[in-house]
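Trainee: Please see the structure below; I have some questions.
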Amino acid sequence: MKGTAHKIGDDINTDYIIAGKHKRDTFDAALMAPHLFEDLDPGLASRIKPGDIIVAGKNFGCGSSREAAPMVIQAAGVSAVLAPSFARIFFRNAINIGLPLLQCDTSAIDDGDLLEIDIAGGVIRDKTHKKDISFKKLPEAMSAIFREGGLVPYLKKHKQFPV
Amino acid sequence: MGKTISEKIFSNRSGRDVYANDIVVADIDRLMAHDGNGPLAIKIFRDLGGARVFDPARMVFVLDHYAPSPNERVSRIHDIIRNFADETGCRLHDVGDGICHQLMMEKHGVRPGDLVVGSDSHTCTYGALNVFSTGVGSTDTAAAMLTGKMWFKVPETIAVNVVGLPPQGLAAKDVILNIVSLIGADGAAYQAIEFKGEYASAMSMDDRFTFSNLAVEMGAKAGIFEYDDKTGAWLDDVGSGKGDYAPVHSDRDALYSRSVAVDVSALAPVVAMPHAVDTIAPVSDLDGLPIQQAFLGTCTNGRLSDLETARGILKGKKVAPGLRFIVGPASRDVYIEALKNGIITDLVEAGAVIVPPGCACCVGVANGIPGDGDAVISTANRNFRGRMGNAKASIYLASPATVAASALFGKITDPRKVL
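Residue numbers (my numbering), protein chains in the order written: chain A, 1 to 163; chain B, 1001 to 1419.
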């Protein structure tokens, strides 16, 4: 996957990802997608192009358990989220729906950098800075879920949890 | 090797002898979903081929986030839950019964040693009852509805030892906001917290709920108290004390990831500053800052003792002219008790607007969205920009006493002036 980096800060909570008022009336992520990150940066949703990559600071996705948060990121066409750490519930929710989260040092990536991600190879290539960044492997249980595209396809196929 | 409370509960519920960082599949004692994330869980349950819920008596739906419905779209979402509960025999609390967490503890037999999950991050509140309870998303909820199980990594545990004699006017909310600030928004990420020490032992159950509720604001998976006589008495009061249950105590030689000591004798009332829960300031530093709205309620501080504290400050007085004072009791039972002993009358006479038991304006969808440029003082647990439905408002989090004192003067007020 390949896309432009959109850099955001530390502790980006799920309210900033999708505000309560925009998830109240629906659980269709496509309807919510224009409001992605609205209270953080009202113009950001319109700048994100399909395939683009969110590059965040620590503790991305903290706050509520709303699964709409990773769903809306996915519906906006974001191909992956990079951060040095992810909040626990968001982490599970994202992997459960097959949204790639890559845990890595994001400090050297600048907003607008062109990134190329080789998940199987375990490397993020910052084409703008001509620099490779490695990311942490998912724990085995989560990797198994992710490989099947999420928990629903995993359970349909395997009929049990990946433990 | 000794075990923490979390290690014991996961050992009991997985049938294996497990420790921190082990991966387990565990049996769920109670499962909860609300109108915010429940309809999606129902859709995913269907996608999984689900027809029968593993044990309908242990699955509880609560309509609390948008209650009563503000429009026809929400009404349709509520009907998805009503119809599903009707069809499957799951338990249902319709609008007005209260906040999911309060109802799980009051009405659904959540008891010491249980493992409970819910589709809300503040499910950690039940830790005050010596329970391992944690928030999950809709897909995990759906899988648990189908199987009665969930997979977990057994968390490491941070021991938070709260000691010392509290100075006059220091509320439990002030203490826990101090702890959140000390540990940070991600300082307990992926870990459980055990609240210990003489202050923790001396706390009322309502105050313990406030502590456990805020655990997730440090990234924690759970925030657990030891069981004691107060826990037992509270369970007896709500009718959950009958039959056998087995409180879980940590072993003396349990291994903790770290210990944090907090001496309350050195603390003073605080507010959490916009727009982060872990950024606090002494109330005295903000004394006099004008506010337009005060909000008393939520799963953090909407219980009877919280309303009673506000009544103590406001009885026979009037809130400041032009200030909106919104009060949301945590449950129907809390509301009824507050009616019976005159708290509601005193608060309404002082100028309060009582909104239905439920999440009220906490999550920014109904019942008191602040205006542009408004400063709000609130007893809730989150003050992110836009949290209450308007990104142009600022939210200060504080104790019920600070909120009531601030409502009285229309500006942030040190509660020690009026207590």
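Idealized CB from N, CA, C, for every residue including glycine.
Can you tell me whether Met1059 of chain B is buried or exposed? The criterion is at least 16 other CB atoms within 10 Å of its CB, across all chains shown.
Mentor: Buried: at least 16 other Cβ atoms inside 10 Å.
Trainee: Any beta-carbon of chain A closer than 8 Å to the one on Asn1037 of chain B?
Mentor: Cβ-Cβ to chain A under 8 Å: yes for Asn1037 of chain B.
Trainee: Mind the definition here: the segment 1299 to 1308 of chain B touches the segment 1273 to 1280 of chain B only if three or more C-beta pairs lie below 8 Å; say whether that holds.
Mentor: Result no; under three Cβ-Cβ pairs closer than 8 Å.
Trainee: Are there three or more Cβ pairs, one per stretch, closer than 8 Å when the segment 1172 to 1179 of chain B is compared with the segment 1198 to 1212 of chain B?
Mentor: As far as the Cβ criterion goes, the segment 1172 to 1179 of chain B touches the segment 1198 to 1212 of chain B, which means the pair count is three or higher.
Trainee: Do Met1388 of chain B and Ile1369 of chain B have their C-beta atoms within less than 8 Å of each other?
Mentor: For Met1388 of chain B and Ile1369 of chain B, yes; Cβs fall inside 8 Å.
Trainee: Does DSSP classify Thr1379 of chain B as helix, strand or coil?
Mentor: Coil at Thr1379 of chain B, not helix or strand.
Trainee: Suppose contacts are defined by Cβ-Cβ distances below 8 Å. Is His6 of chain A in contact with Asp118 of chain A by that definition?
Mentor: In this structure, Asp118 of chain A does not lie closer than 8 Å to His6 of chain A by Cβ.
Trainee: Which residues of chain A have a Cβ atom closer than 7 Å to the Cβ of Ser1138 of chain B, listed in chain order?
Mentor: The answer, in chain order, is Glu67.
Trainee: Is the distance from the Cβ of Ala1404 of chain B to the Cβ of Thr1309 of chain B below 8 Å?
Mentor: Yes; because the gap between Cβ atoms is below 8 Å, this pair is in contact.
Trainee: Since I believe Leu36 of chain A is in contact with Ile18 of chain A (beta carbons under 8 Å), could you give me their beta-carbon distance rounded to a whole number of angstroms?
Mentor: Correct: roughly 6 Å between the Cβ atoms.
Trainee: Considering only their Cβ atoms, is the gap separating Ile89 of chain A from Val81 of chain A smaller than 8 Å?
Mentor: Taking 8 Å as the Cβ cut-off, Val81 of chain A and Ile89 of chain A do not qualify as a contacting pair.
Trainee: Nearest to Lys1318 of chain B by alpha carbon, out of B:Leu1092, B:Phe1409 and B:Ala1281?
Mentor: Minimum Cα distance to Lys1318 of chain B is reached at B:Phe1409.
Trainee: Are the CB atoms of Pro1269 of chain B and Arg1382 of chain B nearer to each other than 8 Å?
Mentor: No, the Cβ-Cβ distance between Pro1269 of chain B and Arg1382 of chain B is not below 8 Å.
Trainee: In whole angstroms, what is the alpha-carbon distance linking Leu101 of chain A and Ala83 of chain A?
Mentor: In a straight line, the C-alpha of Leu101 of chain A is about 8 Å away from that of Ala83 of chain A.
Trainee: Is the shortest distance between the beta-carbon of Ala1057 of chain B and the beta-carbons of chain A less than 8 Å?
Mentor: No, Ala1057 of chain B does not count as interfacial toward chain A.
Trainee: Taking the alpha carbon of Ala1233 of chain B as the point to measure from, which residue in B:Ala1407, B:Asp1029 and B:Leu1129 has its own alpha carbon closest?
Mentor: Looking at the Cα atoms, B:Leu1129 is the closest of the given residues.
Trainee: Compare the beta carbon distance of Ser1406 of chain B and Ile1291 of chain B with 8 Å and say whether it is the shorter of the two.
Mentor: Yes; because the gap between Cβ atoms is below 8 Å, this pair is in contact.
Trainee: Between Trp1151 of chain B and Ala141 of chain A, which are expected to be in contact by the criterion C-beta below 8 Å, what is the C-beta distance as a whole number of angstroms?
Mentor: Right, their Cβ atoms sit about 6 Å apart.
Trainee: Tell me Phe1152 of chain B's beta-bridge partners as DSSP assigns them.
Mentor: Phe1152 of chain B pairs with B:Val1024.
Trainee: Helix, strand or coil: how does DSSP classify Ala1362 of chain B here?
Mentor: In the sequence as presented, Ala is not what sits at residue 1362 of chain B; that position holds Cys. If DSSP states are grouped into helix, strand and coil, Cys1362 of chain B belongs with coil.
Trainee: Tell me the rounded alpha-carbon separation between Val1095 of chain B and Pro1356 of chain B.
Mentor: Using only the alpha carbons, I get a separation of about 8 Å.
Trainee: Based on Cα-Cα distance, which residue from A:Val78, A:Pro139, A:Ile54 and A:Ser143 lies nearest to Ser107 of chain A?
Mentor: Here the closest residue by C-alpha is A:Ile54.
Trainee: Between which two residues does the alpha helix (DSSP H) containing Gly1410 of chain B stretch?
Mentor: Note, Gly1410 of chain B: premise wrong, no alpha helix (DSSP H); not H, not E.
Trainee: Using a Cβ cut-off of 7 Å, pull out every chain B residue sitting near Thr26 of chain A, in sequence order please.
Mentor: Here the neighbours are Arg1073.
Trainee: Which same chain residues, not among the five before or five after Ala1254 of chain B, have their C-beta less than 6 Å away from its C-beta?
Mentor: Closer than 6 Å at the Cβ level, and outside the excluded window around Ala1254 of chain B, lie Gly1002, Lys1003 and Thr1004.
Trainee: If I'm right that Leu1048 of chain B touches Ala1142 of chain B with Cβ under 8 Å, what's the distance once you round it to whole angstroms?
Mentor: With a Cβ gap of about 6 Å, Leu1048 of chain B and Ala1142 of chain B count as contacting.
Trainee: Tell me, which residues are paired with Thr1134 of chain B by DSSP?
Mentor: Thr1134 of chain B is bridged to B:Val1117.
Trainee: At a CB distance below 7 Å, what residues from the segment 84 to 100 of chain A approach chain B? Give them in sequence order.
Mentor: Flagged, chain order: Ser85, Ala87, Arg88, Ile89, Arg92, Asn93, Asn96 and Ile97.
Trainee: Would you say Ala144 of chain A lies against chain B (beta-carbon separation less than 8 Å)?
Mentor: No, no contact with chain B.
Trainee: Can you list, in chain order, the residues of the segment 1177 to 1197 of chain B whose Cβ is nearer than 7 Å to any Cβ on chain A?
Mentor: The segment 1177 to 1197 of chain B vs chain A, Cβ under 7 Å: Ala1185, Asp1186, Ala1189 and Tyr1190.
Trainee: For Val1271 of chain B, list the residues DSSP reports as bridge partners.
Mentor: Looking at the DSSP assignment, Val1271 of chain B forms a beta bridge with B:Ala1281.
Trainee: Is the distance from the Cβ of Ile1197 of chain B to the Cβ of Val1163 of chain B below 8 Å?
Mentor: Note that residue 1197 of chain B is Gly in the sequence shown, not Ile. Going by C-beta atoms, Gly1197 of chain B is nearer than 8 Å to Val1163 of chain B.
Trainee: So with CB distances below 9 Å, who are the chain B contacts of Ala178 of chain A?
Mentor: Residue 178 of chain A lies beyond the stretch modelled for chain A, which goes from 1 to 163, so this question has no answer here.
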